Amino acid sequence: MKIRIGQGYDVHRLCEGRRLVLCGVEVPFEMGLLGHSDADVAVHAVMDAVLGALALGDIGKLFPDSDPQYEGADSMELLGRVIGLMREHGYSLGNIDVTIVAERPKLSPYILKMRENLAAAFGCDISQISVKATTEEGLGLAGMGIAAQAAAIII
Ligand code: MG
Numbered sequence: 037m038k039i040r041i042g043q044g045y046d047v048h049r050l051c052e053g054r055r056l057v058l059c060g061v062e063v064p065f066e067m068g069l070l071g072h073s074d075a076d077v078a079v080h081a082v083m084d085a086v087l088g089a090l091a092l093g094d095i096g097k098l099f100p101d102s103d104p105q106y107e108g109a110d111s112m113e114l115l116g117r118v119i120g121l122m123r124e125h126g127y128s129l130g131n132i133d134v135t136i137v138a139e140r141p142k143l144s145p146y147i148l149k150m151r152e153n154l155a156a157a158f159g160c161d162i163s164q165i166s167v168k169a170t171t172e173e174g175l176g177l178a179g180m181g182i183a184a185q186a187a188a189i190i191i
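With our numbering, the residue at position 155 of the sequence shown is 191, and numbering never jumps.
Written as structure tokens, this is what we have:
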């Protein structure tokens, strides 16, 4: 029996003049996340969880932000490449659990679409994908950024 676990963590700073993209969903908000790619912090955590489960490093190693080809990159597309690597190594997704940490905006209206996007990317059932959102009660990042954690089991 081959079961492996991985976890991923990422943070991006909020700034004006950028889109806010989380799990491939564009969330209406007055600010967006700063980053070399589309800065989809949740998908970055998911990719690092899968890469961690495979012990293949992290997205910084796979898609270096010093490489101009990843400027403005669609993180869902990069996730597709990570899923391809997972399959090449003989694994498929068991389940994934993502927690997005954001003071604002309220993410509950977008959670289902986020789960659907990830399930479509993995080609799995939506029951294998959990996405949750929480605040830090005004502590921690205190609205200056958005963080995400993900855990993945691959089988
Ligand atoms: Mg990132």
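Cβ coordinates follow ideal geometry from the N, Cα and C atoms, glycine included. These figures come from a predicted structure and were not determined experimentally.
- Set against 7 Å, the gap from the CB of D46 to the closest heavy atom of the ligand MG is smaller.
- Using a cutoff of 7 Å, the CB of G71 counts as near the ligand MG, since one of the ligand's heavy atoms is closer than that.
- Uninterrupted beta strand (DSSP E) stretches at least 3 residues long and entirely within the region 124–168 occur at 129–137, given in chain order.
- Comparing C-alpha distances from I147 to each of D94, V63, A91, G71 shows the shortest one belongs to V63.
- Contact annotation: V57 and A85 have beta-carbon atoms that are not nearer than 8 Å.
- Not one heavy atom of the ligand MG lies closer than 7 Å to the C-beta of V118.
- Sorting C160, Y127, G42 by C-alpha distance to the C-alpha of L87 places G42 at the top.
- Counted as a single uninterrupted DSSP element, the beta strand (DSSP E) harbouring D46 occupies residues 40–52.
- For L90, same chain residues with a beta-carbon under 8 Å away, outside a window of 5 residues either side, are R40, G42, L121, M122, H125, Y127, I190 in chain order.
- Placement of the Cβ of V77 at a distance of less than 7 Å from at least one heavy atom of the ligand MG is found.
- In the three-state DSSP reduction, G88 falls in the helix class (H, G or I).
- Where G96 is concerned, the enclosing alpha helix (DSSP H) starts and stops at 95–98.
- With fewer than 16 other CB atoms across the displayed protein chains lying within 10 angstroms of its CB, R140 is exposed.
- Taking the C-beta atoms as reference points, H72 is found no nearer than 8 Å to S111.
- Under the three-state reduction of DSSP, E62 is assigned to strand.
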